[in-house]
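Numbering (this note's numbering), first residue to last: 26 to 326. Beta carbons are placed, not taken as given, at the ideal position from N, Cα and C, and that holds for glycine. Inspection log for the structure reproduced underneath, given as structure tokens.
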């Protein structure tokens with residue numbers, strides 16, 4: 026069984042408990058790949074260094090970090106420096122032989138840099154930004170990750186990608202996790218965050234939407250606000266890439282895998298009722314909904 030876990034970069038994510046649960050899964054013989062964000066630390070460092078973060082909103086309503094060259098340097102310090110090495114150290118303390126890396130290493134994540142970024146101002150005017158270092162992942166070097174897993178390592182991946190021109194790019198952590206999960210043909214993608222899952226009312230945890238059939242995911246997008254929109258987009262991309270189940274939540278990792286959050290699945294209702302967990306190795310993988318846009322790299326070069 027291969028499980029891809031994404032730990033959110035926002036405040037309030039129970040990272041220590043999640044690391045301990047990953048260690049138990051690895052001890053049980055599961056193959057785990059960990060990706061992480063870094064938004065909260067990046068914001069903190071940006072303030073300390075006198076370069077406050079700037080969020081932009083696309084015409085479609087998606088919010089993202091405006092990543093100019095200086096912000097990119099700060100983001101790399103946060104995710105590939107402090108957060109990645111800290112997670113590796115914590116896993117090593119738990120007996121897991123973790124291997125830290127960023128998406129630029131070994132051409133693990135190759136992305137297309139956006140030539141221009143369109144941002145809507147508070148007044149409703151659309152402005153064009155040309156110095157934004159963000160990208161959309163187009164290739165995943167799955168052979169490299171498979172080699173690490175086969176050698177007994179647990180990869181820990183920071184969301185920095187390499188452009189086709191050799192530039193570092195900021196890529197969304199949820200969508201990076203989805204791309205990796207699809208390329209590895211993972212049994213499940215689990216997105217751990219600081220909210221219980223997708224809520225009908227963002228202020229009321231009792232409105233949690235527990236199960237979403239993959240074919241109906243578009244109809245639930247209206248409930249996604251803020252960062253949750255990116256998580257659902259990542260979930261959609263993972264499902265389209267052949268991952269049979271995506272779990273989103275904030276309880277313990279094992280609880281979220283077992284349904285304590287929002288579970289989006291390509292399985293039939295009967296399969297969903299009878300499956301005891303999202304990651305049992307004997308579960309049959311359903312056929313992918315559509316062809317994945319992510320191309321796997323077949324060599325390490």
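According to DSSP, residue pairing for residue 195 in a beta bridge involves 159, 185.
Residues 200 of the same chain have their beta carbon placed closer than 7 angstroms to that of residue 258, with the five preceding and five following residues left out of the count.
The segment 63 to 75 and the segment 131 to 151 do not touch, with fewer than 3 CB-CB distances between them shorter than 8 angstroms. Runs of the beta strand (DSSP E) spanning 3 or more residues and lying entirely within the segment 203 to 269 occur at 213 to 217, 236 to 238, in chain order.
Around residue 77, the same chain offers 71 as residues with beta carbons nearer than 7 angstroms, after the five sequence neighbours per side are excluded. Residue range 27 to 32 is occupied by the beta strand (DSSP E) that includes residue 29. Secondary structure at residue 115: helix, using DSSP grouped into helix, strand and coil. DSSP places residue 136 within a strand segment (E or B) once states are collapsed to three. With the rule of 3 Cβ pairs closer than 8 angstroms, the segment 203 to 218 counts as touching the segment 251 to 266.
In the same chain as residue 29, and ignoring 5 residues on each side of it, the C-beta atoms closer than 6 angstroms to its own belong to 58, 202, 205, 206, 211, 214, in chain order. Within the same chain, and ignoring the five residues on either side of residue 74 in sequence, the residues whose Cβ sits closer than 7 angstroms to its Cβ are 99. Contact between residue 188 and residue 46 does not hold, since their C-beta atoms are separated by about 35 angstroms, which reaches or exceeds 8 angstroms. Within the same chain, no Cβ atom closer than 7 angstroms to the Cβ of residue 148 is found once the five residues on either side in sequence are excluded. The residue from 234, 146, 50, 93 with its alpha-carbon nearest to that of residue 195 is 93. Distance from residue 109 to residue 127 at the Cβ level is roughly 7 angstroms; contact confirmed, criterion being Cβ atoms closer than 8 angstroms.
When the alpha-carbon of residue 253 is set against those of 150, 86, 179, 111, the nearest one is in 86. In the DSSP assignment, residue 49 falls within the alpha helix (DSSP H) that extends over 40 to 52.
Per DSSP, the continuous beta strand (DSSP E) segment holding residue 89 begins and ends at 88 to 90. Beta-bridge pairing by DSSP links residue 59 to 30, 181.
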